[in-house]
Every structure is written in structure tokens, then in C-alpha cells.
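Data first, discussion second: the structure below is written as C-alpha cells.
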Amino acid sequence: MPADALPVVVINYLLLEHTLGLLLIRPFVNVNITITAPTHNFWPWIPIFEPATANNSTKDFLQIPSHNFWPWIPVDSDDFFKRNDTKDYFELPTHNFWPFIPISEGNQTVEPTVPPKVPWPPSTNRYNYGEVMYKSILFFEVQRSGWLPEHRKIKWRGHSALEDHGSDGEDLSGGWYDSGDYVKFGLPMASATTLLLWGLVEYPDSYKSSGLLDDMRDCVRWPLDYFIKAHPQKYVFYGQVGDPYLDHTYWGRPEDMDMERPAYKLTPEAPGSDVIAETAAAMAAGYMAFKVADPGYAKLLLKHAQELFEFAENFRGAYSESIESAAEFYGSSNDEDELAWAAAWLYQATNNKAYIKKAEYWYKLAPDCWAQSWADKTCGTPVLLYKLTKDKKYLLDIEKMFYHWLPGGTIHYTPKGLAYKDGWGTLRYTANMAFLSLVAADLNVQKKAYRQWAKQQIHYMLGDAGRSYVIGFGQDPPTRPHHASSSCRPAPHDCSWADYNKPGPNSHTLYGALVGGPGRNDEYVDSRDDYIHNEVGCEYNGGFQSAVAALRNLELSPS
1 MPADALPVVV
11 INYLLLEHTL
21 GLLLIRPFVN
31 VNITITAPTH
41 NFWPWIPIFE
51 PATANNSTKD
61 FLQIPSHNFW
71 PWIPVDSDDF
81 FKRNDTKDYF
91 ELPTHNFWPF
101 IPISEGNQTV
111 EPTVPPKVPW
121 PPSTNRYNYG
131 EVMYKSILFF
141 EVQRSGWLPE
151 HRKIKWRGHS
161 ALEDHGSDGE
171 DLSGGWYDSG
181 DYVKFGLPMA
191 SATTLLLWGL
201 VEYPDSYKSS
211 GLLDDMRDCV
221 RWPLDYFIKA
231 HPQKYVFYGQ
241 VGDPYLDHTY
251 WGRPEDMDME
261 RPAYKLTPEA
271 PGSDVIAETA
281 AAMAAGYMAF
291 KVADPGYAKL
301 LLKHAQELFE
311 FAENFRGAYS
321 ESIESAAEFY
331 GSSNDEDELA
341 WAAAWLYQAT
351 NNKAYIKKAE
361 YWYKLAPDCW
371 AQSWADKTCG
381 TPVLLYKLTK
391 DKKYLLDIEK
401 MFYHWLPGGT
411 IHYTPKGLAY
421 KDGWGTLRYT
431 ANMAFLSLVA
441 ADLNVQKKAY
451 RQWAKQQIHY
461 MLGDAGRSYV
471 IGFGQDPPTR
481 PHHASSSCRP
491 APHDCSWADY
501 NKPGPNSHTL
511 YGALVGGPGR
521 NDEYVDSRDD
531 YIHNEVGCEY
541 NGGFQSAVAA
551 LRNLELSPS
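Heads up, the sequence shown is in the UniProt record's numbering, so the first residue is 1 and it goes up one at a time.
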């Protein structure tokens, strides 16, 4: 719009009754827009049904909801209105705005969608690992359930599922939502937590050097606190909260949920030794991570870990037979791998030789490694056992395992170099194995080959294949993940299946989330309805973030 026409528009509007102005001038605006306007040139005299809102952190712009925007302003000039990258709002540059309009500021506040950034230390690689770790931590913050702290960075998430309770009234609020929906599945949550903690235990300097040590401790404490709640008695553990079938009929904000959320109890009569042992491993790893920073908390975690391991070992059975609704989503077929895994972590935490004997016993009975994941701990266990015992039989198992994964082995490789294990969420398997290979390399197992392979695989995910598979990072990242809360427009807009079906990007950038990944030939479509390739999940990011932490450690100590 030419600048010399603006006073005429404003004067004409002021001479009209407000409702008449709405009727006469509404046709000028034929798109749904959000305008970002500088606060120092704002109009106090224009009626707004819901006040314009200023961002809390910098107070440098006002954000006006599109449904309440003034209809008399024609949107017809690319020189005046600048679309942002996601095409979901227009920016009004200060130098083109009306200087004669009195200064005012909105009386409600909202937070910016973009998270604050920290000054990352210099990187010697193509990608800044500190930034990747930070954004991955932000993703875990988005997944939080329960009462959220005031100091949270992601302000578009609020308190949710505060009424999650056990059958005897136990408080089960907290924990992480599993993926793009709102069930709290215990097995993948515990699996992700253990891998995250392993990365923190092995590579604390990676977080410290990136200014993220406190953030990371805060990140992993969230599920650990939930596991404490979920274990109210020695032989009681809640393995799941939420009915996945009912949950999957809902597309909206977690803050708005009103469906029933049953809690599923595991007992000696209804056992679940797989998820209970995995949770014991997570809490033993938590002890390792907090024993210096918070000794009292660490001792509490260790107590729960030991009791849970005893529970799992004495009352065996697949949790998905006791919690039938989990079977279709995270069905488990054995527990020997989790029992070996948990015993190895408890040995590392206590130096009690009884645990190493149990770890070796259960490891012999476990199936062969398929890929480290919520369902399979046989891949990570020999790496941990070799670290703890230096027994060459575990070294041979590690080399046998990675023979299949490195080029020339049995794993399929895409044309652009991804080790491709399975169609559904393939990147999480490769990321988990990359993390294990980096830990093994630090134990002097095929150091050069394993590090080179892991770096190639993680860099594929960060952008070497021509695009990033990490949301909010790098070149051409996904913008339409299968993730309900980030798809929702800010309140007071409703959120429903219409937001699922909309063609554009998610309303909020889901920073740091690793999507499922491409097909066998690197094909990938950024589509919200593709939960196989474009969903996200806590379990996807656990090993991935720890692999990035291991690569960051190599920058600090290249030997």
C-alpha cells in the first residue's frame, strides 16, 4: 500500500461507526493472517476484541491474532507486509509504519515461539553439536506432562493431565508423553531415559562445555521423578497411564484433554518384568548421574532401582500381557535383555558383584541383538559389560554386532548412505547404534572405524543427505510432524482434527525432535498424516542426543 494513502484510510475509518467499518472494509482482507507490529508505533484507539499481545522477553513487537485484525487494512503489497518463513504471519517493518500514531502497548503477554539461544562454543565440524543437544532438550520439555515449572523455556505448553491417578489414588502426574499423542507408555519412556542418562554419565563435559549441564539434569529428572511416583510400594509399579485407543481419537492440546485416563498397575499377580527392569536400569543410571550433584536424590533413585530389580526378577512376565492395551503399540516378548541390562547398571552403581553375576547370567539367556530400542537391550548390554569387566568375550560380541551394521554387513544402506534397519522410525535404530559404537570406540574397540561410521550416520540425520531430519535445525527440516500439541494454533483458537488436516506447517516449531526418517531409497515426504516416517517420540531422541553428545566429546578430546 502506498504510504501517502494511509492517512485517508485511517480518517475514513474514524468517521465510520465501528460495526459499519467492519462491514464495509472486511473485503480488503481475504487471507487469515497474524500481524507482528512494532510496539513503539502502536494505536491505542483502535478497538480490539481480544487485546493485542506483547512478547514477554523483549517487548519489541505486538502480536495480533488474525481473527481480530482490523479489516480496513488491505494486504496487497509485498514491500509492506513481509511473510515469515512458515507463511503464518506478516511482519510490519518499523520504517514503513505510521509515525504519527500514538505510542502504546498491549496489556496481555504471550511468549515467543522461537526459544532463546545460547552462545554455542565454536565447532570444528559442519554442524554445531551444542545447538543440536540444546534443541533436543527443548523437545523433551515439550513432551512434559503434569504441572510445569515457571522457568520453562517452551511457553506454549501448559499444565496438563494433573488428574492422572493410580487405582488407590496415587499421584501419577508428570513424566513424558510418548510421541505425537498423550499416552504415558512406561517402557519407551524408561528406555529413552536410560540412554539419555548414559550419554550424560559418559560425556558430562559435552554438556558442561555447551552450557547445558543444568538443562540436561533438569531434563532427565522429569521422568525419574515420575518413576518414583509410579513405584509407590515395593511390589507395585504403574506401567502405563492412558488408554491408547481412546487417546488416538483425540487431536488437540494436552491442556484441553477431558477423556478418561486409566492407570495400569503391575503387581506379582499381574507382572511386567520387562518394563520394571528397564525402569530399574534408568534409576540406577540416574544414581550415577546425580550421586555428586545431589547425593540424597541419588540414594533415593538407587533404592527404587534395587527394589524394582528384585520385583522384576522375582515376578516375571511380559507387561503387555498384563496391560493388554500396550500390546499393539509396545508389545514385549521377552525380559532377559532388560534383566541383564538392569543388573549391569546396578553393578556400575553399587560395585556389588552379585549384580555382575546376575547380568552375565541373564545376558547368556537373552536373544541376539536386533537393534537397540525400547524392545531390545541386547545391543547395549555387551558394551556396558565390556566397560565394566574388560572380558574379551564381550569385545567379540560387540564386533560381531557391528559387523552387521557397518558397510558390507547385512544391514541395507540407502543410496545416500543411511544404515536402514526398519521402515517404521528407522532413524532411531541407527542413532541408538551410532551411540553404542561411539561408546565402544572410547573403549578402544575398532576406534577409527566405529567413530567414522557413527559420525556419518548422525550427520546424515543432520543434513548430509540434502535435508535435516531434526525439526528446527539445519537445511530444509521437517515442519509438519505427526505431533498434536505443536500443530495447534495458540489459544483462544480451538484445536481439533482440522489442525491435523491443514496443509501448512505445524503452528509451533517442535525444536530438536528427530522424525522417523526416510524410506529404503531416501524418499521422504513431510506429511503430518505419515506417522511411520514423520512422527516423533521420546524414544527417537534418547540415543540420538547421546550420540551427538559423544561426537561433541570428540571435539573436546579428539584422541
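Don't be surprised by glycine CBs; every beta carbon is placed ideally from N, CA and C.
* Asked: Is Arg144 helix, strand or coil when you go by DSSP?
  -> strand
* **Presumed contact (8 Å Cβ cut-off) between Asp422 and Tyr429, rounded CB distance** => Here Asp422 really is in contact with Tyr429; their C-beta atoms are around 6 Å apart, less than 8 Å.
* Roughly how many angstroms separate the alpha carbons of Gly199 and Ala465, rounded to a whole number? -> 25 Å
* Could you say which of Ala327, Asn501, Phe435 lies nearest to Asp243 if we only look at CA atoms? => Ala327
* **Continuous beta strand (DSSP E) assignments of at least 3 residues falling wholly in the segment 411 to 439** => Annotation: the segment 411 to 439 contains no complete segment of the beta strand (DSSP E) (minimum length 3 residues).
* Asked: If Tyr238 and Gly166 are in contact, beta carbons under 8 Å, what's the gap, nearest whole angstrom?
  -> 6 Å
* CA-CA distance, residue 571 and Asn501? -> Only positions 1 to 559 of the chain appear in the structure, and residue 571 is not among them; the question remains open.
* To do: Please state whether DSSP places Gly512 in a helix, a strand or coil.
  => Here Gly512 sits in coil by DSSP.
* Asked: Near Ala280, which residues of its chain fall below 6 Å by C-beta distance, leaving aside the five closest residues on each side in sequence?
  -> Ala305, Leu308, Phe309, Ala342, listed in sequence order.
* To do: Kindly indicate which residue of Leu195, Ser206, Ser507, Tyr182 has the alpha-carbon position closest to the one of Leu551.
  => Ser206
* Asked: Beta-carbon separation of Leu462 and Val142 under 8 Å?
  -> no
* Asked: How far does the alpha helix (DSSP H) with Gln545 in it reach, from first residue to last?
  -> 538 to 556
* Between the beta-carbon of Pro415 and the beta-carbon of Asn521, is there less than 8 Å? -> Contact flag set, yes.
* For Phe237, three-class secondary structure by DSSP -> strand
* Backbone CA spacing between Thr124 and Gln456 [nearest angstrom] -> 15 Å
* Is there a Cβ from chain B that is less than 8 Å from the Cβ of Val292? -> Here chain B cannot be found, since the structure has a single protein chain.
* Limits of the alpha helix (DSSP H) - the one that Tyr355 falls within -> 353 to 365
* **Member of Gln545, Ala263, Met259 whose CA lies at the smallest distance from the CA of Leu436** => Gln545
* Could you pull out every residue in the same chain whose Cβ sits closer than 6 Å to the Cβ of Phe140, ignoring the five residues on either side in sequence? => If we look at Phe140 and ignore the five residues flanking it on each side, its Cβ neighbours are Cys219.
* Those residues which DSSP pairs with Ser160 across a bridge -> For Ser160, the pairing in a beta bridge is given by DSSP as Gly146.
* Select from Glu278, Gly504, Asp215, Gly542 the residue whose C-alpha is nearest the C-alpha of Thr378. => Glu278
* Asked: What three-state label does DSSP hand Phe139 in the structure shown?
  -> helix
* Specify the secondary structure class of Tyr524 as computed by DSSP and reduced to three states. => Correct three-state label for Tyr524: coil.
* Would you identify the three-state DSSP class for Lys291, choosing helix, strand or coil? => coil
* Per-residue burial, Met259 [other beta carbons within 10 Å of its own, 16 or more giving buried] -> A residue is called buried once 16 or more other Cβ atoms fall within 10 Å of its Cβ, and Met259, having fewer, is exposed.
* In chain order, what residues of the same chain lie with their CB nearer than 6 Å to the CB of Pro232, ignoring the 5 residues before and after it? -> Correct list, in chain order: Glu170.
* For my contact list, Ala445 and Ile398 are in at a C-beta cut-off of 8 Å; report their separation, rounded to the angstrom. => The sequence shown places Val at residue 445, not Ala. Confirmed, Cβ separation roughly 5 Å.
* **DSSP bridge partner residues for residue 580 (one or two, in chain order)** => Absent from the model: residue 580. The displayed extent of the chain is 1 to 559, so no value can be given.
* To do: Report buried or exposed for Ala426, applying the criterion of at least 16 other Cβ atoms within 10 angstroms of its Cβ.
  => The amino acid at residue 426 is misidentified as Ala; the sequence shows Thr. Of the residues assessed, Thr426 falls on the buried side of the cut-off, its CB having 16 or more other CB atoms within 10 angstroms.
* **Top-ranked residue by Cα proximity to Glu321, from Arg253, Ser332, Arg489** => Ser332
* **Unbroken alpha helix (DSSP H) run spanning Val201, endpoints** => 186 to 202
* Using a threshold of 8 Å, state whether the C-beta atoms of residue 628 and Gly186 are closer than that. => Because the chain spans 1 through 559 in this model, residue 628 falls outside it and cannot be assessed.
* Asked: In its own chain, which residues sit with a C-beta less than 7 Å from the C-beta of Leu162, not counting the 5 before and 5 after it?
  -> Gly146, Trp147, Ser173
* Through-space distance from Asn314 to Tyr460, alpha-carbon basis -> 43 Å
* To do: With a cut-off of 8 Å on the beta carbons, I'd call Arg144 and Trp120 a contact; round off their distance for me.
  => Actually they do not touch by this definition, with Cβ atoms about 24 Å apart.
* **C-beta atoms of Leu554 and Arg451 nearer than 8 Å** => Taking a C-beta distance under 8 Å as the contact criterion, Leu554 and Arg451 qualify as a contact pair.
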